[in-house]
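Quick notes on the structure that follows.
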Amino acid sequence: MKQLQSGFTLIELIIAIAIIAILAALAIPSYTQYTTKAHYSEIVMAAQPVKIGVEQCYQIRRSLPDCDGGGYGVPANTTSVSGAVDSVSTTNGVITITPDAANGIIAADTYILTPTATSPLSWATSGGGISKGYTH
Numbered sequence: 420m421k422q423l424q425s426g427f428t429l430i431e432l433i434i435a436i437a438i439i440a441i442l443a444a445l446a447i448p449s450y451t452q453y454t455t456k457a458h459y460s461e462i463v464m465a466a467q468p469v470k471i472g473v474e475q476c477y478q479i480r481r482s483l484p485d486c487d488g489g490g491y492g493v494p495a496n497t498t499s500v501s502g503a504v505d506s507v508s509t510t511n512g513v514i515t516i517t518p519d520a521a522n523g524i525i526a527a528d529t530y531i532l533t534p535t536a537t538s539p540l541s542w543a544t545s546g547g548g549i550s551k552g553y554t555h
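Counting with the working numbering, you get residues 420 to 555 for the letters of the sequence shown.
See the structure below:
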């Protein structure tokens, strides 16, 4: 009686390993970009209270140059903020968030919000993190 072979041949195993390697090569960069964007969202969220403060300052003073950190309802400039944020500063209504260098983000990946004196204020985003596509 002839015994049947069971199992995989060497070529089948090599093909399976190659397919897994190709899928991993495609997935890892996407996952890395995804996690970096997730960490950068903390930087974007840190700007929201300051943005509200600048909007309130502009409603009161009707002048963006008066809207500096620590004045007229704008939160004070801070350094060594916890989490992904290293510093938050506001000058003439322009909010600059500098990230802490970690999780694929470097200090040059700033998040800058620039107001335009309209009613209501309109905001333009710029900075290193924007040019790298960490936000939309």
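In this text, a Cβ means the ideal position worked out from N, Cα and C, and glycines have one as well.
Pairwise C-alpha distance: residue j and residue i
i: residue 474; j: residue 435; result: 58 Å
i: residue 547; j: residue 517; result: 10 Å
i: residue 525; j: residue 551; result: 11 Å
i: residue 440; j: residue 553; result: 27 Å
i: residue 534; j: residue 541; result: 6 Å
i: residue 424; j: residue 437; result: 24 Å
i: residue 531; j: residue 514; result: 6 Å
i: residue 512; j: residue 528; result: 20 Å
i: residue 446; j: residue 458; result: 18 Å
i: residue 481; j: residue 472; result: 13 Å
i: residue 491; j: residue 443; result: 52 Å
i: residue 461; j: residue 431; result: 46 Å
Closer than 6 Å: residue i CB and nearest the ligand MN heavy atom
i: residue 463; result: Ligands in the displayed structure: none, and consequently the ligand MN is not present.
Where residue i falls, given that 16 or more other Cβ within 10 Å makes a residue buried
i: residue 483; result: buried
i: residue 536; result: exposed
i: residue 509; result: buried
i: residue 465; result: buried
In DSSP terms, what residue i is bridged to
i: residue 538; result: DSSP, once it has assigned bridges, lists no residue as partnering residue 538.
i: residue 508; result: 515
i: residue 499; result: According to DSSP, residue 499 bridges with nothing at all.
i: residue 545; result: 531
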